[in-house]
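Student:
Protein chains in written order, with my numbering: chain F, 1 to 209; chain A, 210 to 418.
1) Output, in sequence order along the chain, the residues in the stretch 381 to 394 of chain A whose CB is closer than 9 angstroms to any CB in chain F.
2) Given a threshold of 16 other Cβ atoms within 10 Å of its Cβ, counted over all protein chains shown, does residue 349(A) qualify as buried or as exposed?
3) List, in chain order, every chain A residue whose beta-carbon is nearer than 7 angstroms to that of residue 205(F).
4) Looking at the structure shown, is residue 159(F) part of a helix, part of a strand, or coil, going by DSSP?
5) Return yes when the Cβ of residue 135(F) is within less than 7 angstroms of the Cβ of residue 72(F), no when it is not.
6) Measuring only the C-alpha atoms, how far is residue 346(A) from residue 183(F)?
7) Residue 125(F) to residue 366(A), Cα distance in whole Å?
8) Report yes if the CB atom of residue 297(A) is closer than 7 angstroms to the CB atom of residue 314(A), and no otherwise.
9) Which residues of the stretch 248 to 269 of chain A have a Cβ closer than 8 angstroms to any Cβ of chain F? Give them in chain order.
10) Would the stretch 303 to 319 of chain A and the stretch 351 to 361 of chain A be scored as touching if the rule is three or more Cβ pairs under 8 angstroms?
11) Does residue 389(A) come out as helix, strand or coil in the three-state DSSP assignment?
12) To the nearest angstrom, how far is the alpha carbon of residue 384(A) from that of residue 53(F)?
13) Can you pull the chain F neighbours of residue 376(A), defined as C-beta to C-beta under 8 angstroms?
14) If you measure from the beta carbon of residue 411(A) to each beta carbon in chain F, is any gap under 7 angstroms?
15) Can you find at least 3 beta carbon pairs, one from the stretch 28 to 39 of chain F and one from the stretch 63 to 80 of chain F, that sit closer than 8 angstroms?
16) Do residue 103(F) and residue 200(F) count as a contact pair if the criterion is CB distance below 7 angstroms?
17) By the criterion of Cβ-Cβ separation under 8 angstroms, what are the contact partners of residue 379(A) in chain F?
18) Have a look at residue 382(A) and residue 57(F) and give me their C-alpha separation to the nearest angstrom.
19) How big is the Cα-Cα spacing for residue 132(F) and residue 78(F)?
20) Residues of the stretch 313 to 332 of chain A in Cβ contact with chain F at a cutoff of 8 angstroms, in chain order, please.
21) Going along the chain, which unbroken runs of the beta strand (DSSP E) with 3 or more residues stay wholly within the stretch 321 to 345 of chain A?
22) Roughly how many angstroms lie between the CA atoms of residue 121(F) and residue 399(A), to the nearest whole one?
23) Against chain A, does residue 138(F) count as a neighbour if the rule is that its beta carbon must be under 7 angstroms from one of theirs?
24) Given residue 418(A), which residues of its chain have a CB within under 6 angstroms of its CB, disregarding the five upstream and five downstream residues?
25) Return no unless some Cβ of chain F is closer than 7 angstroms to the Cβ of residue 220(A).
26) Spatial neighbours of residue 84(F) within its chain, please: C-beta separation below 7 angstroms, excluding the five flanking residues on both sides.
27) What is the rounded straight-line gap between the Cα of residue 187(F) and the Cα of residue 24(F)?
28) With H, G and I counted as helix, E and B as strand and the rest as coil, what does DSSP make of residue 251(A)?
29) Which residue from 246(A), 230(A), 404(A) puts its Cα closest to that of residue 389(A)?
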């Protein structure tokens with residue numbers, strides 16, 4: 001069985017102050033909105049404070065820096081992509097179909113979250129370049145999801161069992177990576193329609209027993 | 210038989226003046242050196258003229274713009290990568306080994322030409338972003354080389370023949386693309402050691418009859 005919903009607590013961030021404080025959530029929500037519109041790199045915490053109507057000192061009660069806010073926004077975003085992909089995968093019955101859905105929903109959710117709805121590209125790009133903890137966590141979790149699908153397919157007889165599981169997981173992940181990583185995805189827009197189908201077919205042929 | 214050496218004339222550029230004029234070659238050589246050291250974007254034709262000891266007017270006899278010089282440098286660079294890859298491929302006996310060498314030499318030559326020896330990354334990145342003609346030509350030629358290997362393997366019985374050749378060529382090209390395109394390659398340094406082996410193994414398994 002592929003693992004179900006992920007927990008947001010799996011994504012470590014460096015927020016401070018009392019856990020579960022709703023003001024923190026309000027700051028993150030307002031900051032997401034603000035960064036989406038005015039950009040992350042160019043906005044200082046003081047601009048943000050003014051725009052969302054909290055004092056700078058109050059924001060610093062909950063976040064030690066702008067990056068700490070960015071990290072939480074990024075963690076939310078990656079968590080949302082992972083949730084969407086898990087749901088798509090869990091809605092399929094067979095390992096091959098799960099793999100197809102991993103490719104398709106992974107590309108779609110990344111495109112939408114990073115580039116369309118939320119315009120979080122700038123934060124996601126900083127996170128990917130500097131390898132923030134949430135990015136490392138996200139990549140590990142996507143690889144785990146992939147490994148579970150491969151493992152399930154080996155047990156069901158849908159996939160070959162000759163190759164080492166870890167190596168095959170990495171190989172398939174490398175095929176998918178250009179469409180999950182925002183830095184690469186920005187240069188792959190011409191292929192986002194065709195790639196998920198073509199690449200999952202190629203991978204499935206490579207996995208045939 | 211996989212096609213042999215490529216001709217430089219296949220790479221269209223917008224140089225002007227008498228064909229085969231050796232001054233043009235001298236300008237290109239000096240400009241390559243200069244751009245490698247001082248950067249392409251920031252250098253004006255007048256800086257270049259001063260640095261390489263020709264008058265600006267004289268340079269304009271041979272090139273209509275800085276981009277025209279950049280285009281020729283880029284075409285030379287891509288032509289060199291293609292030549293190296295063709296040589297590596299032609300040195301192998303069987304289609305599977307040719308495919309492995311395509312992956313390995315493609316990644317190595319791209320890394321070396323774009324990032325190490327010549328530091329031509331900046332020109333290559335402009336070319337890839339703006340899709341200069343030499344880039345389009347290069348991508349088509351690499352896809353043709355790949356198609357020829359696949360075709361040869363189908364005839365020899367090493368590769369399956371069920372899938373449409375064009376579709377399979379595109380799929381395999383998409384697997385390789387992140388390591389040939391300089392814009393994507395810059396974010397894939399962590400994988401350039403492992404990727405050629407892992408990915409060509411995966412592709413070869415997908416091609417088994």
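Even glycine gets a Cβ: it sits at the ideal position worked out from N, Cα and C.
Tutor: Taking the definition as stated:
1) 381, 383, 384, 386, 387, 390, 392, 393
2) exposed
3) 415
4) coil
5) no
6) If I take the Cα positions, the gap works out to 25 angstroms.
7) Rounded to the nearest angstrom, the two C-alpha atoms are 45 angstroms apart.
8) Going by C-beta atoms, residue 297(A) is nearer than 7 angstroms to residue 314(A).
9) none
10) A contact exists between the stretch 303 to 319 of chain A and the stretch 351 to 361 of chain A.
11) In this structure, residue 389(A) counts as helix in the three-state DSSP scheme.
12) If you draw a straight line from the Cα of residue 384(A) to the Cα of residue 53(F), it comes to about 48 angstroms.
13) Close partners of residue 376(A) in chain F (Cβ separation under 8 angstroms): 198.
14) yes
15) yes
16) yes
17) 194, 198
18) Between the alpha carbons of residue 382(A) and residue 57(F) lies a gap of roughly 53 angstroms.
19) 12 angstroms
20) none
21) none
22) Taking the Cα positions, residue 121(F) is about 22 angstroms away from residue 399(A).
23) no
24) For residue 418(A), the CB contacts under 6 angstroms within the same chain, skipping 5 residues up- and downstream, are 369 in chain order.
25) no
26) 105, 109
27) 34 angstroms
28) coil
29) 404(A)
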